[in-house]
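Enquirer: Quick note on numbering: UniProt numbering labels position 49 of the sequence shown as 49, and the sequence is numbered without any gaps. Cβ coordinates follow ideal geometry from the N, Cα and C atoms, glycine included. The structure presented is a predicted model; accordingly, all values stated were derived computationally and were not measured. One structure follows; several queries about it will come next.
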Amino acid sequence: MGWGLNSPQFSAIDLNNNGQSDLYIFDRQTSRSLTYLNVAVAGGGRTWQYALEYEALFPTDLLNWVLLRDYDCDNRPGPFA
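Now the structure itself:
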């Protein structure tokens with residue numbers, strides 16, 4: 001497919017340190033990292049807002065699979081690939 005996500009892996013991470021779980025997506029087919037913030041919408045509820053600025057936090061040489069997990073017990077998920 002030429003558009004969208006083909007083989008995504010989803011992980012939760014608080015990207016902007018506001019106490020809300022944001023979204024990290026790794027597309028296995030394109031080896032691309034995508035980041036989305038969990039933001040409030042008018043009238044209540046929440047939505048995902050694409051946040052390009054956080055993608056630079058992740059290595060660009062990731063291949064095949066990535067999950068964010070707190071493997072070093074610092075209470076912050078890190079890339080496990």
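Quick one: measure Cβ to Cβ for P77 and S11, integer angstroms, because I've assumed they're closer than 8 Å.
Expert: Indexing the sequence shown from 1 puts residue 77 at position 77. Indexing the sequence shown from 1 puts residue 11 at position 11. Contact flag correct, Cβ pair sits at about 7 Å.
Enquirer: From the DSSP output, which residues share a beta bridge with V39?
Expert: Start at 1 with the first residue of the sequence shown, and residue 39 comes out as number 39. Beta-bridge pairing links V39 to T47.
Enquirer: Which residues in the same chain have their Cβ closer than 8 Å to the Cβ of W65, if we skip the five residues on either side of it in sequence?
Expert: Within the sequence shown, numbered from 1, the residue matching residue 65 stands at position 65. Counting only Cβ-Cβ distances below 8 Å, and skipping sequence neighbours, we find Q9, F26, R28, A81.
Enquirer: According to DSSP, is Y24 helix, strand or coil?
Expert: As a position in the sequence shown, residue 24 is number 24, starting the count at 1. DSSP places Y24 in strand when its eight states are reduced to three.
Enquirer: Can you name, in chain order, every residue of its own chain whose Cβ lies under 8 Å from the Cβ of L68, other than the five neighbours on each side?
Expert: Within the sequence shown, numbered from 1, the residue matching residue 68 stands at position 68. Cβ neighbours of L68 beyond the five flanking positions: S11, A12, I13, Y24, P77, G78, P79, F80.
Enquirer: From the DSSP output, in three-state form, read off L15 for me.
Expert: In the sequence shown, the residue the question calls residue 15 occupies position 15. Residue state, collapsed to three classes: coil.
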